[in-house]
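Numbering (UniProt numbering), first residue to last: 1 to 391. C-beta: ideal position from N, C-alpha, C; glycine also. Note that the structure is predicted; figures quoted are calculated from it, not measured. Following: one structure in structure tokens, then a few remarks.
What follows is the structure, given as structure tokens:
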């Protein structure tokens, strides 16, 4: 069969032929569809017909993109029932039952954040690629091994002061209102500065830190951009399917990280081990002048710093800032007969804390929507605002 395919193999025919395949794998690629058609029917079709047939099959199974919004209440009920205590909510216009926004934050993730992550959160938004566009807002941090740790995400109609206000308001609720010690960092998106001042007036000193974010990005990976890249392949999905897919990605991510710890043999997470190995193999020379067993002046050609091992402090302040010994402290520790490195590393980087406080609890799977009944007496529809944004 040539690449033009059989004229009788219409999009409707192919969609019905691959319906079961798409039901079990909604993200199946056109190439995989082609392989199945060749195996079953010895049929070869152009790429665009394969793509349209897959989309048609998805519409037959799950309904159209417009119909996708009717699953919002059912999805919410399923997510909350499987992950109790999580803050999952949506907003819709009661006058015409039109969808507005959707917010997701799981309890086990938030609890892990408070138990063993740095007290800062990066805020960002990226464009969706589906038929009706929209924006995906996210709140991201790093865990003790410097891995991406998504805290919350939301689907909104556009990036504006109103949508940022709603997102941060929901995020504060998800964090149990305990935000006094958290530093928020962003790229100064539309409306976010005003929102921070309105909802979090107690963190004005963190606004200055947020201004430094542009400089920080030159030296460190942008957390939020890394998250956006992580979900780039699913940003074209309909809203409900997108939410459920990101949930599944988070679930698999936590399980993989939990399994990964089985191979760790040190008391410190790998990123801390690598840091200590690097800082203790440097060729930099220091003169150590101890004033006691735990306090010393550490001197080289250009500087002199005071190190206190008991307080885990150095006058350069790097140790206090990152929770890992600075080069001055490392030089002093290396003079000790017994070098107990975990003793001088913040608990955040200890394997026991990472395993039992951050990733010990799991997200739970959900039944696929096509197997659930719509249990609500009302439907939610596409909002005209989403149509306008798409246009």
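Inclusion of residue 72 and residue 106 in the CB contact set at 8 Å is not warranted, their separation being larger than that value. Taking all protein chains shown into account, residue 177 has fewer than 16 neighbouring C-beta atoms within 10 Å of its C-beta and is therefore exposed. Across the set 185, 14 and 199, the C-alpha of 14 shows the shortest separation from the C-alpha of residue 40. Per DSSP, the continuous beta strand (DSSP E) segment holding residue 123 begins and ends at 120-127.
Residue environment: residue 122 is assigned as buried (16 or more neighbouring CB atoms within 10 Å of its CB, all protein chains considered). Here the alpha carbons of residue 54 and residue 30 stand approximately 7 Å from one another.
Counting along the chain, the unbroken beta strand (DSSP E) around residue 152 starts and ends at 148-156.
Considering only 194, 180, 288 and 242, the residue with the shortest C-alpha distance to residue 156 is 242. With a cut-off of 8 Å on Cβ pairs, the stretch 327-336 is in contact with the stretch 294-309, counting three or more such pairs. By the criterion of at least three beta-carbon pairs nearer than 8 Å, the stretch 164-177 is not in contact with the stretch 278-297. In the DSSP assignment, residue 139 forms a beta bridge with 123 and 152.
Beta-bridge analysis with DSSP links residue 314 to 307. Taking a contact as a CB-CB distance under 8 Å, the pair residue 108 and residue 152 does not count as one, their CB atoms being some 13 Å apart.
Assignment of residue 56 by DSSP, reduced to helix, strand and coil, places it in the helix class.
Under the three-state reduction of DSSP, residue 90 is assigned to strand. Exposed is the label assigned to residue 173, since fewer than 16 other Cβ atoms lie within 10 Å of its Cβ.
Straight-line measurement puts the Cα of residue 138 at about 15 Å from the Cα of residue 195. Burial check for residue 159: the Cβ neighbour count within 10 Å reaches 16 or more, so the residue is buried.
Secondary structure of residue 290 (DSSP, three-state): strand. Pairwise C-beta distances place the stretch 85-94 out of contact with the stretch 35-50, as fewer than three of them are shorter than 8 Å. For residue 272, the CB contacts under 7 Å within the same chain, skipping 5 residues up- and downstream, are 324, 345 and 349 in chain order.
Residue 38 carries a helical assignment under DSSP once its states are collapsed to helix, strand and coil. Secondary structure of residue 133 (DSSP, three-state): coil. Counting C-beta atoms within 10 angstroms of its own C-beta, residue 119 has fewer than 16 neighbours from the protein chains shown and is therefore classed as exposed.
Residue 258 is not a Cβ neighbour of residue 351, given a cutoff of 8 Å. Here residue 96 is exposed, its C-beta having fewer than 16 other C-beta atoms within 10 Å. Scanning the stretch 314-359 for uninterrupted alpha helix (DSSP H) segments of 4 residues or longer gives 318-322 and 327-333, listed from N- to C-terminal end.
Residue 255 sits exposed, since fewer than 16 C-beta atoms from the chains shown fall within 10 Å of its C-beta. Beta-bridge partners of residue 102 (DSSP): 90 and 155. In the structure shown, residue 50 falls within a helical segment according to DSSP collapsed to helix, strand and coil.
For residue 184, the three-state secondary structure derived from DSSP is strand. In the DSSP annotation of this structure, the continuous segment of the beta strand (DSSP E) that includes residue 295 starts and ends at 295-299.
As computed with DSSP, residue 268 is found in a beta bridge with 350.
In the displayed model, residue 175 falls within coil according to three-state DSSP, outside both helix and strand. In this structure, 355 is the residue among 50, 111 and 355 with its C-alpha nearest to the C-alpha of residue 263.
For residue 111, the enclosing alpha helix (DSSP H) has its first and last residue at 107-116.
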